Amino acid sequence: MTIPVNTAAGNILLLSSFVLCQLVYAQSKTIEITDPRPVSKAVEQVEAIYSWPITYEDPLSVHESQLQDVTEKVQRTPDSSHRVIIQRGGTLSFTYKLPSSAPLPVGEMSQDQAEAETAVAEALSSILDGYTNSGGPVSFTVTEDEGVFHVVPTNFLNKEGRIERSKPILDTKISIPQKRRTRIQLLMEICESLSKATGITVGAGNFPYNGGSIQSQSITNISGSDVAARMLLIQLLAEMDATMSDQHTSWTTSWQLLYGPGWGYMLNFHHVIRKKQ
Amino acid sequence: MRKFLGKLGGAFSGPHPRAVTLFLLISASIFLALPETASAQIWVSSGFKAGSDAQHITAYCSTSAVDPNDSFSVTPAATDYATFSAQCRVTSSTGLTTYIPACEWSEVQNMLFIPNGFPAGTPATGNPTGICSIDLPVVVGVTYKVESYHYLSFIGPQYPCDDIGGSIGAFCWPDPEGFWAQGAIYWTPLWETPLPGPSGPPLAGTITLPAYTTNQSSIVHEEMGSEVGTGTNQGTASPYSYEGEIWFMNVSVLGIATTSAMYTACPVPTITSISPSTWPEGTVNVVTITGTGFTTTANATASCSVTPLAVGVGTGSVSVTGVQVDSSTSISFIERPDANDPTETATITVGASPNTATTTAQIEGCTLPTAESTAFKGWSTSDPATGLWEQTLSNANGDSFSGMNVLEGTPRTSSGVDTCWISGSPVNYGSAVSGGKWPVGDDNTWGTDSVGWPKYPVDAVAYYRAQGRAPCGFTIYQQMQIQCTLPTDNTFHNYGPVNILQGNITATTVTSKRAGGTASRRY
Chain A
6 MTIPVNTAAG NILLLSSFVL CQLVYAQSKT IEITDPRPVS KAVEQVEAIY SWPITYEDPL
66 SVHESQLQDV TEKVQRTPDS SHRVIIQRGG TLSFTYKLPS SAPLPVGEMS QDQAEAETAV
126 AEALSSILDG YTNSGGPVSF TVTEDEGVFH VVPTNFLNKE GRIERSKPIL DTKISIPQKR
186 RTRIQLLMEI CESLSKATGI TVGAGNFPYN GGSIQSQSIT NISGSDVAAR MLLIQLLAEM
246 DATMSDQHTS WTTSWQLLYG PGWGYMLNFH HVIRKKQ
Chain B
-16 MRKFLGKLGG AFSGPHPRAV TLFLLISASI FLALPETASA QIWVSSGFKA GSDAQHITAY
44 CSTSAVDPND SFSVTPAATD YATFSAQCRV TSSTGLTTYI PACEWSEVQN MLFIPNGFPA
104 GTPATGNPTG ICSIDLPVVV GVTYKVESYH YLSFIGPQYP CDDIGGSIGA FCWPDPEGFW
164 AQGAIYWTPL WETPLPGPSG PPLAGTITLP AYTTNQSSIV HEEMGSEVGT GTNQGTASPY
224 SYEGEIWFMN VSVLGIATTS AMYTACPVPT ITSISPSTWP EGTVNVVTIT GTGFTTTANA
284 TASCSVTPLA VGVGTGSVSV TGVQVDSSTS ISFIERPDAN DPTETATITV GASPNTATTT
344 AQIEGCTLPT AESTAFKGWS TSDPATGLWE QTLSNANGDS FSGMNVLEGT PRTSSGVDTC
404 WISGSPVNYG SAVSGGKWPV GDDNTWGTDS VGWPKYPVDA VAYYRAQGRA PCGFTIYQQM
464 QIQCTLPTDN TFHNYGPVNI LQGNITATTV TSKRAGGTAS RRY
């Protein structure tokens, strides 16, 4: 989803089921977000503002306090036998520094990399603080690996309503045997292995790359034994991104691993494209 | 025979200032009452124009009652005078003087008091225009000067002046629409052989004619004292006026102006080479043209300007800056074809018409397809709700695009719609293409392009049906690009229109659409 960034102070945008409220300060902005996945939506914003790849992983949402029934709101074909359940979500606000040439066009970097990296890290910290301050029941943490930030949950609210420590799904160790396979086949095997290892279905939501294209159909030799699924995924995407990047643009594939109550996780991929300087 | 309605003034045989003054006052009142006469004008010009071919230039002189800016506008002067005449000569910087034969004037025989007279020749006279010209060879470095005299002759016939109260033995000519405050009883040219003019000291009444340096027409107002001398010292001219008519005694020919103009033959440029002669699109190049006959700033003159340069192309455009004539054998400039220029020929022209030289350069642009057909190739085996589409590229030239890469992108101006999506969905809103990149095969085909919903291991169709969202679907916009394979350009260029891609879900079917193609199945 594309969310317009509005620079007018105090302007309130009603978009779908979430609300964006931005207050303009001299060198920073504060944004308020209401969404079933407020952290995910805020991360999406920061990623777009800075053109910096940030992945996100949903926590498990299984306790009734975290869920809401939106059947009547969304069903076009009434089916009382099936209820549409989504995360209850909430509201958070966070602050980020204005990029040096704000607003940055998506796909362009016009400020020093290190400065931007620091700004992204600060914005992500503000998001997590905002989530905690809004009464968010679970915790997230931010890690960084080779210039890509990962926002992952560290616990979840179990069915009994108790906080339970958890590790991110993509930290689950899996094994992918050595084999000649297409990249898309490797992605499917990663998802399948993750599903088996966690007992939670993990699939591809928005397909990462077009089914017949170079980057998805090329042969890959990536494999691993008892390694974190995230590392395999990063290797795979790096290989695919290299196919897309050239001397003019840098393509980085980012993802959101979103949980659908009753359905499991779906990997949704998107590109973060930067012009090279 | 003109019927005179009355007389004014008496007979006199010589200058009579008081009578003249009285005559002028009365005539002036008539003049003011006839504004159309007052505005009558005569155009005099001499100069140079394009010759019979590139190797010649034409010198000309003209006296006319026709407005040069409006060939249908003939002033009343045309009815006032019998003829408009011009006489010119051309002097070369080599010392040679050429008299234009067509300008030799036979009416000189009508002039009195001019010793020897002028030799008869082809009259350069006419009404409303008297014009003559001559072709001259263009010789590089040689300057020509054309000098002209412009005359009028009055309407005949002549009358003995004593018939109208003038001098006995003299003859008078009428000037019915106006008058000149001329003081000359003869013209003033003093050219020598072969057109011997009057010699000796100027006679009383000789006036200085207005002189123009021009390559265009200059206006001589048919108005006393305004352009033609001072109007004083009428000499022996004895005008008489009857009902607004003015009579000039003894002279039927009146000099009214002189003109002159210069022409320097410019060097004729030639081109021997151009470097570089291949201009890749979107790149800046300093180009040098080598040849001869280029005119530098230092060598430029009023009639021979710095050698100009122009670049022409067909469908594209090339910016040209910094044109500099470095020497008589070298011109340099900076060119930059547009980033999306096609392969085509650029024509470079140096010099000004008719002396130009041309050469060509090749603009090297991307070979782009202009059309793309789409064919359904079945359904994905791993994702049964996803249609597979194969495309064939083409353009008018039937070019091959084999080995090039095509890339899909989302146009900035179009955002897609996903009516299946709900807030909180684990499947992201589908508003953009995923960003596929394909090689083009030997037969100009590429693909397949997958349009639809993923299944494995989570079935998006089943998910949205379970949410009660069907019928629903996504509509996204796709701009295809192809990668240039030039040494200087490997960027992607848009081709073809924006494609509409759709994946629709009903309770029992799925549909895949791409660029006008549609495929449906039960699912």
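Respectively, the protein sequence lines represent chains A and B.
First residue of the first sequence? That's 6 in the working numbering, and the numbers climb one at a time after it.
First residue of the second sequence? That's -16 in the working numbering, and the numbers climb one at a time after it.
In this text, a Cβ means the ideal position worked out from N, Cα and C, and glycines have one as well.
Note that the structure is predicted; figures quoted are calculated from it, not measured.
List, in order along the chain, the chain B residues whose C-beta lies closer than 7 Å to that of residue i?
i	result
residue 84(A)	451
What does the alpha-carbon distance come out to for the pair residue i and residue j?
i	j	result
residue 64(B)	residue 295(B)	51 Å
residue 455(B)	residue 485(B)	10 Å
residue 184(A)	residue 228(A)	7 Å
residue 360(B)	residue 433(B)	10 Å
residue 335(B)	residue 250(B)	10 Å
residue 55(A)	residue 340(B)	55 Å
residue 368(B)	residue 442(B)	9 Å
residue 301(A)	residue 66(A)	Chain A is shown from 6 up to 282; residue 301(A) falls before or after that span and cannot be answered.
residue 461(B)	residue 428(B)	17 Å
residue 370(B)	residue 118(A)	41 Å
residue 260(A)	residue 272(A)	7 Å
residue 168(B)	residue 43(B)	Reliability fails at residue 168(B), whose pLDDT of 38 lies under 50, so the model's placement of it is uncertain and the value that follows must be treated cautiously. Going by the C-alpha atoms only, they are around 27 Å apart.
residue 79(B)	residue 117(B)	15 Å
residue 356(B)	residue 388(B)	17 Å
residue 383(B)	residue 421(B)	15 Å
residue 43(A)	residue 150(A)	23 Å
residue 450(B)	residue 79(A)	7 Å
residue 39(A)	residue 104(A)	24 Å
residue 145(A)	residue 381(B)	57 Å
residue 390(B)	residue 247(A)	14 Å
residue 141(A)	residue 217(A)	42 Å
residue 266(A)	residue 409(B)	9 Å
residue 274(A)	residue 395(B)	19 Å
residue 308(B)	residue 289(B)	7 Å
residue 270(B)	residue 345(B)	12 Å
residue 418(B)	residue 453(B)	26 Å
Name the chain A residues that come within less than 9 Å of residue i, Cβ to Cβ?
i	result
residue 391(B)	215 and 218
residue 512(B)	The structure shown does not extend to residue 512(B), since chain B spans only -16 to 506, so no value can be given for it.
Grab me the residues of residue i's own chain with a C-beta within less than 8 Å of its C-beta, minus the 5 sequence neighbours each way, in chain order.
i	result
residue 353(B)	377, 378, 379, 478 and 479
residue 226(A)	183 and 185
residue 74(A)	88, 89 and 90
residue 153(A)	58, 59, 60, 239, 257 and 259
Using a C-beta to C-beta distance shorter than 9 Å, which residues of chain B count as neighbours of residue i?
i	result
residue 168(A)	The premise fails here: residue 168(A) is roughly 22 Å from chain B at the closest Cβ pair, so nothing lies under 9 Å.
residue 251(A)	466, 473, 474 and 475
In its own chain, which residues sit with a C-beta less than 7 Å from the C-beta of residue i, not counting the 5 before and 5 after it?
i	result
residue 305(B)	316 and 317
residue 81(A)	none
residue 337(B)	33 and 37
residue 287(B)	247, 249 and 278
residue 398(B)	414
residue -14(B)	Low confidence applies here, because residue -14(B) scores a pLDDT of 25, under 50, leaving its location unreliable and the question unanswered by this model.
Taking Cβ to Cβ, would you say residue i is nearer than 7 Å to residue j?
i	j	result
residue 247(B)	residue 126(B)	yes
residue 68(A)	residue 201(A)	no
residue 279(B)	residue 255(B)	no
residue 3(A)	residue 198(A)	Residue 3(A) lies beyond the range of chain A shown here (6 to 282); nothing can be said about it.
residue 156(A)	residue 61(A)	yes
residue 113(B)	residue 68(B)	yes
residue 326(B)	residue 275(B)	no
residue 467(B)	residue 474(B)	yes
residue 96(A)	residue 35(A)	no
residue 292(B)	residue 314(B)	yes
residue 244(B)	residue 129(B)	yes
Spatial neighbours of residue i within its chain, please: C-beta separation below 6 Å, excluding the five flanking residues on both sides.
i	result
residue 343(B)	328 and 330
residue 373(B)	358, 360, 428, 430 and 431
residue 166(A)	68
residue 494(B)	487 and 503
So which residues of chain E does residue i contact, with C-beta pairs closer than 8 Å?
i	result
residue 266(B)	No chain E appears in the structure shown, which is made up of the protein chains A and B.
Along chain A, which residues have their Cβ under 8 Å away from the Cβ of residue i?
i	result
residue 446(B)	265 and 268
Give the interface partners of residue i over in chain B, defined as CB-CB distance under 8 Å, in chain order.
i	result
residue 41(A)	406 and 407
residue 91(A)	405, 406, 407 and 408
residue 81(A)	451, 452, 453, 454 and 455
For a contact meaning CB atoms closer than 7 Å, what does residue i contact in chain A?
i	result
residue 421(B)	217, 218 and 219
residue 500(B)	In chain order: nothing, as chain A lies at least about 15 Å away.
- Message: If contact is defined by three or more beta carbon pairs under 8 Å, each pair taking one atom from either stretch, is the stretch 446 to 463 of chain B in contact with the stretch 235 to 254 of chain A?
- Response: Too few Cβ pairs lie closer than 8 Å, so no.
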